[in-house]
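Peer 1: With UniProt numbering applied, the sequence shown has no gaps in its numbers, which climb one by one up to 337 at the end.
Backbone N, C-alpha and C define an ideal beta-carbon position, used for all residues, glycine too.
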Amino acid sequence: MAENGSSDVTTVPDGPDKVRKSVSVDATPSVDEPETDAEPVVGDEITAEDVEDVNCLELDFNHRRLKTIKNLENLKCIERLYLRWNLLKKIENVSTLTTLRELELYDNQITVIENLDCLVNLEVLDLSFNRITHIGGLENLTNLEKLFLCDNKIQKIENINHLKKLQYLELGDNKLRTIENLEGLTNLTSLFLGKNKITKIQNLECLPQLEVFSLQSNRITKLENLEKLTKLEQLYVSENGLKEIEGLENNTELTTLDLSLNKISQIKNVDHLTKLEEFWMNDNEITDWACVEKLTANKQLVTVYLERNPLSKDGAYRRKVMLTLPWLQQLDATMCR
């Protein structure tokens, strides 16, 4: 289970740390050596030796400082191609890789989704941490199951409703303002829209299979329009402007509910969530101990976060919560037993 308060996006899950090269520099410049301008970044290249085995199933070109994609046309069976953490500005020269199932271009300098028309067998496409402003160029990728586009500059959800097999969509950390154009994604199980500028929960009735939904760090002020998501198991709406717990009547499959970092003053309308295991309510405005007693109906609770609410300032806070909910295994960041 992800640590409480983290932004998912991921909830959806963050990408690996970027590798940084440490360089030792003498603080006092030598009088014998003239100062020079910094050298331009020199890119590496994919060589014939790199693709000597034309029958390989997987190639890893991560951290190669590549500026161009080339010399891959002889690959006959390639299924997985990793090009993370490079200097690529353009998707090109991949049209012959028709056997490709996974393409990772995470953390490059790509601005346009293009030249993917021939990759009809692609199932996973990761274009996170690039400079993309518009979703397009996916018309032929009808076998796509996972699409990662977090940390770009996308302003609108569009041109994806033909992706009938899509199960996982990550659009966190963009510039989205509206949840829209998701019709047709009837097999989607995970949707990550954290860290955008979304003000309203809407247009989700077309996602009957949705199990994980993240809206962390947006501008949501009301829990609403979730009634059709009867299979929802995880809901993340931390760091918004919520004042009340509501609108969850039909979401009885919920096991994780993240409401942390909002403006909620009462715990209510959760007693019907009998499968709830993780309840994150830290950094809200809970003052009344009666609110904790409302959780006695949730017998499957494993973890509860209530720290940094006014009631947590009580010196007997932990003891009171544990007496009220004796089956808890974890309260805030500390195990109960």
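Answer with buried or exposed for Gly172, where buried requires no fewer than 16 other C-beta atoms within 10 angstroms of its C-beta.
Peer 2: Counted from its first residue, the sequence shown places residue 172 at position 172. Per the 10 Å Cβ criterion, buried.
Peer 1: Per DSSP, which one or two residues make a beta bridge with Thr256?
Peer 2: Against the sequence shown, residue 256 aligns to sequence position 256. DSSP lists Gln234 and Glu278 as partners of Thr256.
Peer 1: Give a yes or no on whether the C-beta atoms belonging to Thr324 and Thr287 are separated by under 8 Å.
Peer 2: If you number the sequence shown from 1, residue 324 lands on position 324. If you number the sequence shown from 1, residue 287 lands on position 287. Cβ distance not < 8 Å, so Thr324 and Thr287 don't count as in contact.
Peer 1: For Asn161 and Glu277, what's the separation of their Cα atoms in angstroms?
Peer 2: The residue you call residue 161 lines up with position 161 of the sequence shown. The residue you call residue 277 lines up with position 277 of the sequence shown. Going from the Cα of Asn161 to the Cα of Glu277 covers about 33 Å.
Peer 1: Along the chain, where does the beta strand (DSSP E) containing Lys146 start, and where does it finish?
Peer 2: What you label residue 146 is simply residue 146 of the sequence shown in a count that begins at 1. Residues Lys146 to Phe148.
Peer 1: Note down, in chain order, each residue of its chain lying with its Cβ closer than 6 Å to the Cβ of Asn130, except the 5 sequence neighbours on either side.
Peer 2: Residue numbering aside, residue 130 sits at position 130 when the sequence shown is read from its first letter. Hits under 6 Å: Asn108, Ile110 and Asn152.
Peer 1: With C-beta atoms as the reference, is Lys175 less than 8 Å away from Lys197?
Peer 2: Along the sequence shown, read from residue 1 onward, the residue named residue 175 stands at position 175. Along the sequence shown, read from residue 1 onward, the residue named residue 197 stands at position 197. Cβ distance < 8 Å, so Lys175 and Lys197 count as in contact.
Peer 1: Return the chain-ordered ranges of every beta strand (DSSP E) run that is complete within the stretch 190 to 230 and spans a minimum of 3 residues.
Peer 2: With a minimum length of 3 residues, the continuous beta strand (DSSP E) runs that stay inside the stretch 190 to 230 are 190 to 192 and 212 to 214.
Peer 1: Considering just the uninterrupted stretch of the beta strand (DSSP E) at Tyr82, what are its terminal residues?
Peer 2: As a working mapping, residue 82 is identified with position 82 in the sequence shown. Element bounds for Tyr82: Arg80 to Tyr82.
Peer 1: In whole angstroms, give me the CA-to-CA distance for Thr195 and Tyr236.
Peer 2: As a position in the sequence shown, residue 195 is number 195, starting the count at 1. As a position in the sequence shown, residue 236 is number 236, starting the count at 1. The amino acid occupying residue 195 in the given sequence is Lys; Thr does not appear at that position. Cα to Cα, the separation comes out at about 12 Å.
Peer 1: Around the Cβ of Trp327, are there at least 16 other Cβ atoms within 10 angstroms (buried) or fewer (exposed)?
Peer 2: Translated into the one-based positions of the sequence shown, residue 327 becomes position 327. Exposed.
Peer 1: Rounded to the nearest angstrom, what separates Glu49 and Asn143 at their Cα positions?
Peer 2: Reading the sequence shown from its first residue, position 49 is the one you call residue 49. Reading the sequence shown from its first residue, position 143 is the one you call residue 143. Each residue's Cα considered, the two are about 31 Å apart.
Peer 1: Looking only at its chain, what residues have a beta carbon closer than 6 Å to the beta carbon of Cys56, apart from the 5 residues adjacent to it on each side?
Peer 2: Counting from one through the sequence shown, the residue named residue 56 turns up at place 56. Excluding residues within five positions, none has a Cβ falling inside 6 Å.
Peer 1: Would you call Met281 buried or exposed, if buried means 16 or more other Cβ atoms sit within 10 Å of its Cβ?
Peer 2: Counting from 1 along the sequence shown, the entry for residue 281 is found at position 281. It counts as buried.
Peer 1: Assuming Ile132 and Asn115 form a contact by the criterion Cβ under 8 Å, report the distance between their Cβ atoms to the nearest whole angstrom.
Peer 2: One-based indexing of the sequence shown puts residue 132 at position 132. One-based indexing of the sequence shown puts residue 115 at position 115. Actually they are not in contact, since the Cβ atoms of Ile132 and Asn115 sit about 14 Å apart, beyond 8 Å.
Peer 1: My output table needs one value for Asp332: the three-state DSSP class, helix, strand or coil.
Peer 2: What you label residue 332 is simply residue 332 of the sequence shown in a count that begins at 1. Here Asp332 sits in coil by DSSP.
Peer 1: Tell whether a beta-carbon distance below 8 Å holds between Glu244 and Ile264.
Peer 2: Start at 1 with the first residue of the sequence shown, and residue 244 comes out as number 244. Start at 1 with the first residue of the sequence shown, and residue 264 comes out as number 264. Yes, these two residues count as a Cβ contact at 8 Å.
Peer 1: Report the three-state DSSP secondary structure of Glu102 (helix, strand or coil).
Peer 2: As a first step, residue 102 must be located in the sequence shown, where it is residue number 102. Strand, per DSSP.
Peer 1: For Glu205, which residues of its own chain have a beta-carbon under 7 Å away from its beta-carbon, when the five flanking residues on both sides are left out?
Peer 2: For the purposes of this step, residue 205 is taken as residue 205 along the sequence shown, with counting starting at 1. The answer, listed in chain order, is Lys228.
Peer 1: Alpha carbons only, please: which of Ile135, Asn298, Cys150 and Phe148 is nearest the one belonging to Asn159?
Peer 2: The count along the sequence shown starts at 1 and reaches residue 159 at position 159. Comparing Cα-Cα distances from Asn159 to each of Ile135, Asn298, Cys150 and Phe148, the minimum goes to Ile135.
Peer 1: Residues in its own chain within less than 7 Å of Lys268 by CB, not counting five upstream and five downstream?
Peer 2: As a working mapping, residue 268 is identified with position 268 in the sequence shown. Hits under 7 Å: Ile245 and Lys294.
Peer 1: Quick one: residues in its chain with C-beta nearer than 6 Å to the C-beta of Asn62, no 5 flanking neighbours on either side, listed in chain order?
Peer 2: Position 62 of the sequence shown, counted from the first residue, corresponds to residue 62. Here the set comprises Tyr82, Arg84 and Trp85.
Peer 1: Write down the C-beta distance between Leu191 and Leu210 rounded to the nearest angstrom, noting that I regard them as a contact closer than 8 Å.
Peer 2: As a first step, residue 191 must be located in the sequence shown, where it is residue number 191. As a first step, residue 210 must be located in the sequence shown, where it is residue number 210. At roughly 6 Å, the Cβ-Cβ gap stays under 8 Å, so Leu191 and Leu210 are in contact.
Peer 1: Should Asp283 go down as buried or exposed, given a rule of 16 or more other Cβ atoms within 10 Å for buried?
Peer 2: Translated into positions along the sequence shown, residue 283 becomes position 283. Buried, because 16 or more other Cβ atoms sit within 10 Å of the Cβ of Asp283.
Peer 1: Which of the three DSSP states, helix, strand or coil, is assigned to Val321?
Peer 2: Position 321 of the sequence shown, counting from 1, holds the residue named residue 321. Val321: helix per DSSP, three-state reduction.
Peer 1: In angstroms with no decimal places, state the Cα-to-Cα distance between Thr334 and Lys320.
Peer 2: As a working mapping, residue 334 is identified with position 334 in the sequence shown. As a working mapping, residue 320 is identified with position 320 in the sequence shown. The alpha-carbon atoms of Thr334 and Lys320 are separated by roughly 15 Å.
Peer 1: Taking buried to mean at least 16 other C-beta atoms within 10 Å of its own C-beta, is Ser95 buried or exposed?
Peer 2: As a first step, residue 95 is located in the sequence shown; it is residue number 95 there, counting from the start. Burial call: exposed.
Peer 1: Give the DSSP bridge partners of Thr303, in chain order.
Peer 2: One-based indexing of the sequence shown puts residue 303 at position 303. According to DSSP, which records beta bridges pairwise, Thr303 is partnered with Glu278 and Gln330.
Peer 1: Which value, in whole angstroms, describes the spacing of the CA atoms of Leu72 and Leu97?
Peer 2: In the sequence shown, counting from the first residue as 1, residue 72 sits at position 72. In the sequence shown, counting from the first residue as 1, residue 97 sits at position 97. Going from the Cα of Leu72 to the Cα of Leu97 covers about 8 Å.
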